[in-house]
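Student:
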Amino acid sequence: MATSSSPITQVSQTPAHVTLHQPQLLTRLLLDLRGKRYEVDRETIMNLPESVLLCLFPNGLVLSRQSAALDGGDEDEEDVYAVDFDPDCFQFVLSFFRNASEAFYGTATSPGLFSAQQHLLEAPPNDFSNPPPSQNPLISKQAIIVLREELEYFSIPPKDGSVKIDQNGIAGEALANIKRRCGDYLMEKKSIFTALQRNVNKENNVAEQHLIDMLCMSGFDREDEWGFRALEPSRCCISSIALVLLKTGITHHSGGDKAAEVDYPQMATAQKLLLFWRKPARKCWWDGLDIELPPSDDDGNRIIKLWARRVWTLELSLV
5 MATSSSPITQ VSQTPAHVTL HQPQLLTRLL LDLRGKRYEV DRETIMNLPE
55 SVLLCLFPNG LVLSRQSAAL DGGDEDEEDV YAVDFDPDCF QFVLSFFRNA
105 SEAFYGTATS PGLFSAQQHL LEAPPNDFSN PPPSQNPLIS KQAIIVLREE
155 LEYFSIPPKD GSVKIDQNGI AGEALANIKR RCGDYLMEKK SIFTALQRNV
205 NKENNVAEQH LIDMLCMSGF DREDEWGFRA LEPSRCCISS IALVLLKTGI
255 THHSGGDKAA EVDYPQMATA QKLLLFWRKP ARKCWWDGLD IELPPSDDDG
305 NRIIKLWARR VWTLELSLV
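Numbering (my numbering), first residue to last: 5 to 323.
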């Protein structure tokens with residue numbers, strides 16, 4: 005009998021007598037973040053931004069008991085995933101997403117914003133609503149803008165011979181001290197848009213100015229600071245993250261006397277951010293400054309050339 009060339013018949017040739025062991029699907033994960041243990045359910049993990057998940061699980065996230073299924077291990081023993089990620093940053097993201105979800109969907113004791121705007125989904129489409137309200141996820145879900153920055157910095161000391169490296173290229177204590185002080189200097193620069201605005205002014209980059217304007221129209225303020233900012237251990241790197249609720253233009257009136265309304269021009273602006281839903285976008289640029297470090301115990305003031313490589317990741321999450 006001739007074999008069909010249809011791809012449907014070529015999926016599997018497994019004999020009928022072979023029983024495949026289906027891995028147990030996990031309902032929760034035990035995470036060890038740099039020595040701090042977290043127990044997180046699967047739904048919470050899957051609601052996290054794609055860019056954060058990539059940092060948590062750079063080799064991919066497995067939500068099934070693969071090890072026990074393959075090696076015959078104890079299925080009652082729970083796997084612990086060791087994750088190289090700042091536990092305080094993880095807690096910051098979890099808390100923000102939980103609070104945003106409760107405010108939108110409500111709790112067991114109080115209704116959320118969604119209950120007061122469900123009628124918007126039933127509104128007929130007009131010239132300003134595109135897509136129609138029934139197909140607009142910004143009405144039925146809570147939208148959160150996720151902005152992350154990875155900042156690697158490089159300190160170039162003055163050429164006076166006082167700061168050296170050894171024959172193996174390892175920094176001496178004087179250079180290590182300068183690196184630490186440069187890290188402390190950058191940690192104090194918490195404003196989100198200062199460095200990017202400086203780059204805009206330097207190169208007259210219209211696209212970067214448009215990015216700042218769009219973010220500030222969608223929920224950020226020009227004077228906003230990073231929600232979380234920390235030095236990475238044993239690295240000249242600072243990780244920062246800012247989370248804000250997307251400004252959709254939906255207005256809720258206090259007292260419940262008047263139904264929720266939509267500012268359609270603002271909604272149109274918000275819909276532009278849907279381009280970044282599940283599709284994180286990255287931007288990288290170099291930033292160079294001459295800074296004067298304050299005096300320390302072992303030397304006086306120093307003028308240091310400080311280079312920073314900044315990588316921004318922008319994403320929209322729908323909860």
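Even glycine gets a Cβ: it sits at the ideal position worked out from N, Cα and C.
Tell me whether Thr113 sits in a helix, a strand or coil according to DSSP, three-state version.
Tutor: Here Thr113 sits in coil by DSSP.
Student: Helix, strand or coil for Arg184, going by three-state DSSP, please let me know.
Tutor: In the structure shown, Arg184 sits in a helix (DSSP, three-state: H, G or I).
Student: What does a CB cutoff of less than 8 Å around Ala274 pick up in its chain, not counting 5 residues either side in sequence?
Tutor: Answer for Ala274: Leu142, Ala147, Ser222, Leu250, Lys251, Thr252 and Gly253, listed in chain order.
Student: Can you name the residues that DSSP bridges to Glu265?
Tutor: Beta-bridge pairing links Glu265 to Thr255.
Student: Between the alpha carbons of Ala211 and Phe158, how many angstroms are there, rounded?
Tutor: Approximately 27 Å, taken between the alpha carbons.
Student: Would you kindly report the start and end of the unbroken alpha helix (DSSP H) that includes Thr48?
Tutor: Run containing Thr48: Arg46 to Asn51, per the alpha helix (DSSP H) assignment.
Student: Classify Leu67 as helix, strand or coil using the three-state DSSP reduction.
Tutor: In the structure shown, Leu67 sits in coil (DSSP, three-state: anything other than H, G, I, E or B).
Student: Once the 5 residues before and after Ile307 are set aside, which same chain residues still bring their CB inside 7 Å of it?
Tutor: Hits under 7 Å: Pro162, Asp294 and Glu296.
Student: Go through its chain and collect everything with a Cβ distance to Leu155's Cβ below 6 Å, but skip five positions before and after it.
Tutor: Correct list, in chain order: Ile242, Ala312 and Arg314.
Student: To the nearest whole angstrom, what separates the beta carbons of Phe197 and Arg152, a pair I think is in contact under 8 Å?
Tutor: Contact doesn't hold; Cβ gap of about 14 Å is too wide.
Student: When you compare each of Phe96, Asp90 and Thr48 to Gly231 by their alpha carbons, which one comes out closest?
Tutor: Of Phe96, Asp90 and Thr48, the residue nearest in Cα terms is Phe96.
Student: In terms of residues, what are the limits of the beta strand (DSSP E) holding Lys287?
Tutor: Ala285 to Leu297 is the span of the beta strand (DSSP E), which, as asked, contains Lys287.
Student: Do you know how far the Cα of Gly176 is from the Cα of Ala104?
Tutor: In a straight line, the C-alpha of Ala104 is about 47 Å away from that of Gly176.
Student: Out of curiosity, what's the CA-to-CA distance linking Tyr268 and Trp281?
Tutor: Straight-line Cα distance between these residues: approximately 20 Å.
Student: With a threshold of 16 other CB atoms inside 10 Å of the CB of Cys59, please say whether the residue is buried or exposed.
Tutor: Classification for Cys59: buried.
Student: Can you tell which of Lys40, Asp291 and Phe101 has the C-alpha that lies nearest to the C-alpha of Val56?
Tutor: Of Lys40, Asp291 and Phe101, the residue nearest in Cα terms is Phe101.
Student: Just checking my contact of Leu117 with His256 at CB under 8 Å: how many whole Å lie between their CB atoms?
Tutor: Contact holds; Cβ gap of about 6 Å.
Student: Please name the residue in Phe224, Thr317, Arg233 and Asn208 whose C-alpha comes closest to that of Glu192.
Tutor: When only C-alpha atoms are compared, the closest one is Arg233.
Student: Tell whether a beta-carbon distance below 8 Å holds between Val84 and Leu34.
Tutor: Yes. Within cutoff.
Student: Do Leu320 and Ile149 count as a contact pair if the criterion is CB distance below 8 Å?
Tutor: In this structure, Leu320 lies closer than 8 Å to Ile149 by Cβ.
Student: Under 8 Å by Cβ, that's how I've got Ala264 and Gln139 pegged, so tell me the actual separation to the nearest angstrom.
Tutor: Ala264 to Gln139, Cβ: 18 Å. No contact.
Student: Is Cys240 helix, strand or coil when you go by DSSP?
Tutor: In this structure, Cys240 counts as coil in the three-state DSSP scheme.
Student: Spell out the partners DSSP gives Arg233 in its beta bridges.
Tutor: DSSP output for Arg233 lists Ser244 as bridge partner(s).
Student: Which of the three DSSP states, helix, strand or coil, is assigned to Ile196?
Tutor: It is coil, neither helix nor strand.
Student: Closest by CA to Leu125, which one among Pro115, Pro137, Gly110 and Met218?
Tutor: Checking every option, the nearest Cα to that of Leu125 belongs to Pro137.
Student: Under 8 Å, do Val266 and Lys145 count as touching if we go by C-beta distance?
Tutor: No, these two residues do not count as a Cβ contact at 8 Å.
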